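For the sequence shown, the positions run 44 to 1002 when this note's numbering is used. All C-beta atoms in this analysis are idealised placements derived from N, C-alpha and C, irrespective of residue type, glycine included. Note that the structure is predicted; figures quoted are calculated from it, not measured. Here the structure is laid out as structure tokens; the discussion comes afterwards.
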Amino acid sequence: MSVVVGGAKRLVWTALAVGALTMPVAARNPEGASHAPAAAPHAVDIPFERFTLPNGLRVIVHTDRKAPIVAVHLWYQVGSGDEPAGRTGFAHLFEHLMFRGTEHYRDAYYGPLQRVGATDVNATVTPERTNYMQVVPSTALDLALWMESDRMGHLLGAIDQKALDTERGIVENEKLQRRGVPYGLVWEQLSRSSYPPGHPYHHSTFGSARDLQAATLADVQDWFQTWYGPNNAVLVLSGDVGVEEARKKVEFYFGHIPSAPEVTRARADVAKRASTTRETLSDQVPQPRVHRTWNIAARGTSDFDQLRVLAYVLGGGNASRLGKRLVHSDQLATDVTAEAGGQLGSRFMIVANVRDGVDPSTVETAIEAELQRLLKEGPTLDEVQRARAAIRAEFVKSIERNGGMDGKAEVLAACEVFEGDAGCYRRSGDVVASATPDQLVRVARRWLGRGDHILTVIPGARAAFAEEAEPADAVSPAQSPSKTHRAAAPRVDRSAGPPFPESYPELRFPAIERTALSNGTHVILARREDVPLVRMSYQFLVDPAATAGLADMAFSMLAEGAGDYDALTFAARAESLGAELGASVDVGSGAVTLVGLRDTLDDSVALYADMLRRPHFEPAAMDRMCAAKVGALREEAANPQRLATTLLPALLFGLDHPYAQAFGRGTVASVEALRRDDLVEFHRAWLRPERGTLVVVGDTTLQELIPVLERHLGDWRGSGGIPEVRIDDRLPAQAKPRVFLVDSPGALQATLVAGQLVAPSSDPQTLAFEVANSVLGGSPSARLNMNLREAKGWSYGVISSAANAPIARPWRVVAPVQSDRVAEAMAEIQREIAEYASGPAPARQDEVARFRDSQVRRLAGSFETREAVAAEIADIVRFDRPDDWTTQRSGALRQLDLNEVRAAAAALDASKLTWVLVGDLSRVEAPVRAMGLGEVIVIDSQGAPLQNGKARSGGSGVN
């Protein structure tokens, strides 16, 4: 529940990727060791060194000592665009197989990494590449390199027909899960419509069910031997490691792996389109959505980077041209974005969510008018400067992290793979920083003057997504024997298994400094100097029983006009400063945040103070925000997983309980009933400096910071009566078992959620319960996921978790499953919980040790970013914990024993679970009723029972 102003809006490019946004594409560098060229005069850089092993493996090393962790990213230059005819989806299927274990470790790949406290263990596939990633404690680097090298060099003996069949089922469930959400068919349809048959981007990374079923073990072997050699890979190590140490370890673990055949890949055609085409897609969505796309220049070109700037001018921020016209002035849309993204096949895309009651053609007309004005007149210098500042700030924020989807390892690997230069971000940054209005209008006319495709999604029955009649041709790689690379003699005794470290780094949490402002606010500072950023989070107590949606609306409105700025000029000012201002609400608390650059901090704090002290709550802005909130709630109701998880807390507490909406954003009715006076009074009562705590993390000192804060906030005072904060932390009696059904006609999958209330986060047994939950369902290697995903292949993933709250909190199991396995999946979940909590299969010592130790060890790398540090300090404030709580928690976790974890697990009661099932009741209702798990009640998307306890004719829907 958060809103942000000033940051660049980003689309998720699942049209081309199962995973993340990436950077540019091109040829490889020639092999050979080299130092990175000297950086251009950027304020922020990622220094690195590069070397190449004799077998062709390229290695990039960036040293960052701020946390005792190392991000390990291994990228292979192969993706769905390289799939041969009749084998679409194979690159993604193979990526799944890479987690099944290796010839020397015959178990799930996650296991050893979890044991050492690894984070961000993941993999993604695009048409151009497949990447594997993990972040490990620095002493576990050998383990990570052993694991990655073992699957690069020793995979095939571990893959049998059973593994292939299981992963095939998991991939099919993943595809159904992604297609089953609102607008989930868009990205595959855009790929088909934007690129001609035979183009490597014409088919999606998921491919067709027909082709997946046709895949054989021979295909697995051929794919691995063709593409997964060291000479077709880039390894990036970013973090607490030096280049010489890295060189020795990489040579030791990877040096013996022989090169694969050299592969000549045809460079993908940009496929620039000649004319406008359009189509309409019907889906179970709450509001129409217009997508307008162009195929544009590849990443790695100046045109692409200039189009990034142009996209920001057009629709990248709240003060963009389309934002002003569609959302603010004409009020035709609740949201609009524009972005240039992709890889060799890049796209410029505009997406607009059409406001209720507006004809999508009217939105199309307004977009066309603004585009033509831009093509004719070009952007203003002020617009370009704001766009440049926002893009630079976004980059600075992204490289706080070493790992993850957009951290430093990702930047370096993508640059090396796609441009042959790990420092390509410097060139890209220079193009952005020097972009001029004249350049942008020229590039706009070159790429956006014609050749667009318009896809409009309209509410209705979900369209059938038919597979194409003929297999799509793909780029056929030309292979030749490898002559330029050689492998070293093996030096690793792999029969000994993975090399676990003998010790682990200690937690490094930044020192906390405290002071106070003259307005009564407590100030907490944690210094972090790696990048020139400062993050501020003003924490306020909030009544968890407040009117449903009131707190969320009030905090969201703070940046919609404040001080001397209306909503648009406020957003423009934030963009010009490279600042990101936002607000969020949690159970019993709210936060107002600023992420600002050090060199514009004083001006950014002035804007922040306006937001805190002098919000306008203008009726017109409130109407816009209300429409956006209602649209988001309706989209949530159309998303099976989000609907089920949103309904659960209210059903656990009871729809009339004061805390029924404490974990949500309200209902459509409650949001539409809010008035300006409600927001004004909420702001007066709850955003009071004398009750606030300002958490600051970043590149500053108290001596520098306090004068700035006093100048802009020192004379702020609360007014009027101070409301009493009432927190009822009692655990309500558990209800009898119930099964709530929500009809979603035509749903591709069913979403199961089972849960109960557990004790607040302040409960003394909370740490033990966290470990108990981890054993049962809190991780990929937990019992529930290993059963329903890995063993049976019925689900893409099963997870259990408990909310973090000062009141009784929902614990839940979330399991999207195929519709023909709903009853069996419910029976398995019920059995697993019962046998674990109070039956014959309680937590084992080895499980407790593994998950307990994993939680301890991952703490060392959990506070790499300002956001993570600020969140930890916020929890210290929220739950009145000591300043050294993070260290205390580490010690308490180490001391947990088996009996404590078993006692905590006993809080779960499988006989009193509340179930929420969202699916096509014509397929799932009868088998669920036959199970006899409890009273079965059919409800609507607000939780209200329907007529006679059954779905109305035709289904109730979820709109």
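Endpoints, the beta strand (DSSP E) within which residue i is located
i           : result
residue 326 : 320–326
residue 621 : That residue, residue 621, is in no beta strand (DSSP E); it is neither H nor E in DSSP.
residue 634 : 632–640
residue 556 : 555–559
residue 92  : 92–95
residue 688 : Per DSSP, residue 688 belongs to no beta strand (DSSP E); it is in the alpha helix (DSSP H), 683–696.
Residues near residue i by beta carbon distance below 8 Å, same chain, minus five either side
i           : result
residue 82  : For residue 82, the pLDDT reaches just 35, beneath the cut-off of 50, and the residue's location in the model is therefore unreliable, although a value from the coordinates is still provided. Correct list, in chain order: 88, 90, 466 and 469.
residue 76  : Reliability fails at residue 76, whose pLDDT of 37 lies under 50, so the model's placement of it is uncertain and no value is given.
residue 554 : 569 and 570
residue 325 : 500, 501, 502, 503, 504, 505 and 506
residue 261 : none
residue 210 : 136, 139, 140, 143 and 836
residue 107 : 281, 282, 283, 445, 451 and 573
Member of the options whose CA lies at the smallest distance from the CA of residue i
i           : options               : result
residue 549 : 130, 127, 106 and 160 : 160
residue 359 : 701, 629 and 614      : 614
residue 877 : 572, 949 and 611      : 949
residue 746 : 162, 558 and 565      : 558
residue 945 : 885, 342 and 825      : 885
residue 573 : 349, 248 and 441      : 441
residue 338 : 296, 280 and 245      : 245
residue 577 : 742, 560, 694 and 669 : 742
residue 618 : 733, 425, 471 and 396 : 425
residue 149 : 239, 198 and 178      : 198
residue 958 : 784, 134 and 278      : 784
residue 310 : 826, 120 and 648      : 120
residue 772 : 852, 228 and 790      : 852
residue 907 : 417, 416, 431 and 451 : 451
residue 315 : 786, 178 and 239      : 239
residue 532 : 122, 636, 361 and 296 : 296
residue 703 : 398, 546 and 775      : 775
CB contact flag (residue i, residue j, <8 Å)
i           : j           : result
residue 963 : residue 804 : no
residue 225 : residue 269 : no
residue 726 : residue 649 : no
residue 591 : residue 710 : yes
residue 672 : residue 780 : no
residue 777 : residue 860 : no
residue 196 : residue 300 : yes
residue 564 : residue 735 : yes
residue 631 : residue 850 : yes
Neighbourhood of residue i by C-beta distance below 7 Å, restricted to the same chain and skipping five residues each side
i           : result
residue 409 : 368, 369, 373 and 375
residue 883 : none
residue 888 : 941
residue 407 : 333 and 497
residue 864 : 837
residue 871 : 830 and 831
residue 526 : Reliability of the predicted coordinates at residue 526 is poor, the pLDDT of 48 falling under 50, and the value obtained from them is presented with this limitation in mind. Cβ within range, chain order: n/a, list empty.
Opening and closing residue of the alpha helix (DSSP H) in which residue i lies
i           : result
residue 355 : 345–358
residue 381 : Not the alpha helix (DSSP H): residue 381 falls in the beta strand (DSSP E), residues 376–385.
residue 888 : 888–902
residue 296 : 286–297
residue 942 : 941–948
Cut-off 6 Å between Cβ atoms - residues of its own chain near residue i, not counting five sequence neighbours on either side
i            : result
residue 979  : 782 and 972
residue 511  : none
residue 1003 : Beyond the ends of the chain as shown, which are 44 and 1002, falls residue 1003; an answer cannot be given.
residue 251  : 131 and 510
residue 768  : 584
residue 519  : Reliability of the predicted coordinates at residue 519 is poor, the pLDDT of 43 falling under 50, and no value is obtained from them.
residue 551  : none
Counting only runs of 3+ residues fully inside the stretch 469–515, write out the beta strand (DSSP E) ranges in chain order. DSSP runs (the beta strand (DSSP E)) wholly in the stretch 469–515: 495–502.
Going residue by residue through the stretch 141–213, where are the continuous beta strand (DSSP E) segments of at least 3 residues, counting only ones entirely within it? Within the stretch 141–213, the complete beta strand (DSSP E) segments at least 3 residues long are 162–168 and 173–180, listed from N- to C-terminus.
Secondary structure, beta strand (DSSP E): runs of 3+ residues fully inside the stretch 806–861: 842–845 and 852–860
Counting only runs that start and end within the stretch 723–810, where is the beta strand (DSSP E) found for 3 or more residues in a row? 736–741, 781–786 and 793–801
Which runs of the alpha helix (DSSP H), 4 residues or longer, sit entirely within the stretch 398–479? 403–420, 424–441, 451–462 and 467–476
List in chain order: all unbroken alpha helix (DSSP H) runs of 4+ residues lying wholly within the stretch 224–307. 229–237, 252–257, 260–270 and 286–297
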